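Q:
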Amino acid sequence: MRQLVFAGDGKVEWREVPDARLVHDGGAVVRPLALGRCDLDAGFVHGFVPMAPGEAIGHEMIGEIVELGDQVKGFKEGQKVFVTAQIFCGICTKCKRGYTGRCESVPFGASFGMGRAGGFGSSAGDLVYVPYAGAMMVPLPEGANPLALIGVADMALDSWRAVGPHLKARPGAGVLVAGGLASVIGIYAAGIAKAMGAGQVDYWDENPSRGAEAAKYGARVITDPGALAEGYSIVVDASGDAEMLVTAIRHAEPEAIVTSVCMQLSEMTAVPQREMYHKGITYVTGRPNLRPAFEDVLTCCRAHGFRPELVTTEVYDFDAAPEAWMDVSMRSAAHRPSLYDA
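Just add 483 to the spot in the sequence shown (first one is 1) and you have our numbering.
1. Would you check if the region 610 to 622 and the region 503 to 511 touch, i.e. whether three or more CB-CB distances between them fall below 8 Å?
2. In whole angstroms, give me the CA-to-CA distance for M638 and D524.
3. Give every residue of the same chain whose Cβ lies closer than 8 Å to the Cβ of G647, excluding the five residues on either side of it in the sequence, and list them in chain order.
4. Which word fits S749, buried or exposed, when buried means at least 16 other C-beta atoms lie within 10 angstroms of its C-beta?
5. When you compare the region 575 to 584 with the region 547 to 564, are there three or more beta-carbon pairs, one atom per stretch, that lie closer than 8 Å?
6. Would you identify the three-state DSSP class for S692, choosing helix, strand or coil?
7. To the nearest angstrom, how far is the alpha carbon of V754 from that of T706?
8. If you count every other CB in all the chains shown that lies within 10 Å of the CB of P629, and 16 or more means buried, which is it?
9. Starting from P629, trace the alpha helix (DSSP H) in both directions and tell me its first and last residue.
10. Using a Cβ-Cβ cut-off of 8 Å, state whether C783 counts as contacting chain D.
11. Do you know whose CA, among D810, V660 and R653, lies nearest T742's CA?
12. Which residue marks the beginning of the alpha helix (DSSP H) containing H761, and which one marks its end?
13. When you compare the CB positions of I540 and F489, do they come within less than 8 Å of one another, or not?
14. Going by DSSP, what residue range makes up the alpha helix (DSSP H) through S716?
15. Checking the sheet assignment: what are the DSSP bridge partners for T742?
16. Report the rounded CA-to-CA distance for R829 versus A721, giving the unit in angstroms.
17. Nearest CA to the CA of W497: which residue from V506, F801 and G714?
18. Is the region 712 to 732 touching the region 678 to 697, taking contact as three or more C-beta pairs under 8 Å?
19. Which word fits H818, buried or exposed, when buried means at least 16 other C-beta atoms lie within 10 angstroms of its C-beta?
20. With DSSP collapsed to three states, give me the class of H818.
21. When burial is assigned at 16 or more other CB atoms within 10 Å of the CB, is L728 buried or exposed?
22. Assuming I633 contacts A816 under a Cβ cut-off of 8 Å, what Cβ separation, rounded to an integer in Å, is found between them?
23. My output table needs one value for V555: the three-state DSSP class, helix, strand or coil.
24. Expressed to the nearest angstrom, what Euclidean distance is found between the alpha-carbon atoms of S666 and V719?
25. Counting pairs of Cβ atoms below 8 Å between the region 586 to 594 and the region 545 to 564, do you hit three or more?
26. Can you list, in chain order, the stretches of the beta strand (DSSP E) that have 3 or more residues and sit fully within the region 590 to 636?
27. With the cut-off set at 8 Å, would you say G723 and G626 are in Cβ contact?
28. Between which residues of its own chain and Y799 is the CB-CB distance below 6 Å, once the five residues before and five after are set aside?
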């Protein structure tokens, strides 16, 4: 079978690997239907984030179950499911606390398609073995189009953690998103904030293409930092830019929550710690815990009108998935029809 592999120098290709097979009664074999290229994938391909040539790439996937272990309950063959990017067992102490990105049963940070330890390969392949299927699979809503919801498989979950829980605790709060390196994640954060009824959603980015995508969600697009408001309660840093991070922090109100959804690429980044201390700023960074956010994001889509498909996406046939990964567009995806639909 084929699997997407990063070949180095901006190239992605199909390579033959051993067929995915059911090796444990708690697992499943899933046939991908929709593959999405994540912001992190773009970072790998374009050299912003290091990845060794030969590593499997791709972790945003919706598929259909073709084989199911006897221990997996609540699912059936032919069912369409999201498969989480993170590999986690669902039963260790960390998983039970909702820290699915820090599972104790697998090598730290284990994931599909990110060059991480554990040898789990990519979720971008002809077939994928899901080792902890009962924990790692989430049913696709009945009748939903996988291409329309592929953003929920990964990036929208990352966006949610930066705005959704905080808007539940602070209804109507003002939100600032500093856009940039994590391009779609930042735009989705603005879209989720608008859907959740934030009082004001400002999207700050000099890039006109990203600004136009954020405007589709109703965000106010700002290109000049001089136009930023004073006192945002919720701040999202998707910029990857140290100066933008500092400016965003300085426009946060006392007791604000600032979340970085992407890492700074330099090893050390200076922040205005004294100002943050006096204001009582909470600063959150790090790899998100994806699984706990699925139901909230799907509810945000269903009940509040968040539409991940609004971000312009270049769509490729499944066989052309390598071209989708090398596409310079902001967002790309690949798809194929179901084996089970009439």
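Glycine is no exception: its CB is placed at the ideal position from the N, C-alpha and C atoms. From a predicted model like this one, the values you see are computed outputs, not experimental measurements.
A: To lay it out plainly:
1. Under the three-pair Cβ rule at 8 Å, the region 503 to 511 counts as touching the region 610 to 622.
2. Rounded to the nearest angstrom, the two C-alpha atoms are 11 Å apart.
3. Around G647: I675, M679, A776, D779, V780 and C783.
4. Looking at its Cβ environment, which holds fewer than 16 other Cβ atoms inside 10 Å, S749 is exposed.
5. In the pairwise beta carbon analysis, the region 575 to 584 is classified as not touching the region 547 to 564: fewer than three pairs are separated by under 8 Å.
6. The three-state secondary structure of S692, taken from DSSP, is helix.
7. It is roughly 22 Å from the alpha-carbon of V754 to the alpha-carbon of T706.
8. Counting Cβ neighbours within 10 Å, P629 comes out buried, since at least 16 surround it.
9. Per DSSP, the continuous alpha helix (DSSP H) segment holding P629 begins and ends at P629 to L632.
10. Absent here is chain D; the protein component of the structure consists of one chain.
11. Of the listed residues, the one whose Cα sits closest to T742 is V660.
12. Segment Q756 to K762, the alpha helix (DSSP H) holding H761.
13. The criterion of a C-beta distance shorter than 8 Å is satisfied by I540 and F489.
14. S716 -> not in any alpha helix (DSSP H); beta strand (DSSP E) instead, spanning Y715 to D720.
15. DSSP lists V719 and V767 as partners of T742.
16. The displayed coordinates of the chain run from 484 to 825. Any statement about residue 829 would go beyond what the structure contains.
17. Looking from the CA of W497, the closest CA among V506, F801 and G714 belongs to F801.
18. Judged by Cβ distances under 8 Å, the region 712 to 732 makes contact with the region 678 to 697, as three or more pairs qualify.
19. So H818 ends up on the buried side.
20. Strand.
21. Flag for L728 reads buried.
22. About 6 Å separates the beta carbons of I633 and A816, which is inside the 8 Å limit, making them a contact pair.
23. Annotated three-state conformation of V555 is coil, per DSSP.
24. S666 and V719: Cα-Cα distance of roughly 12 Å.
25. No, the region 586 to 594 is not in contact with the region 545 to 564.
26. Every beta strand (DSSP E) of 3 residues or more that sits fully in the region 590 to 636 is shown, in chain order, as 611 to 613 and 620 to 622.
27. With contacts defined as CB atoms closer than 8 Å, G723 and G626 fail to qualify as a contacting pair.
28. For Y799, same chain residues with a beta-carbon under 6 Å away, outside a window of 5 residues either side, are E806, A807 and A817 in chain order.
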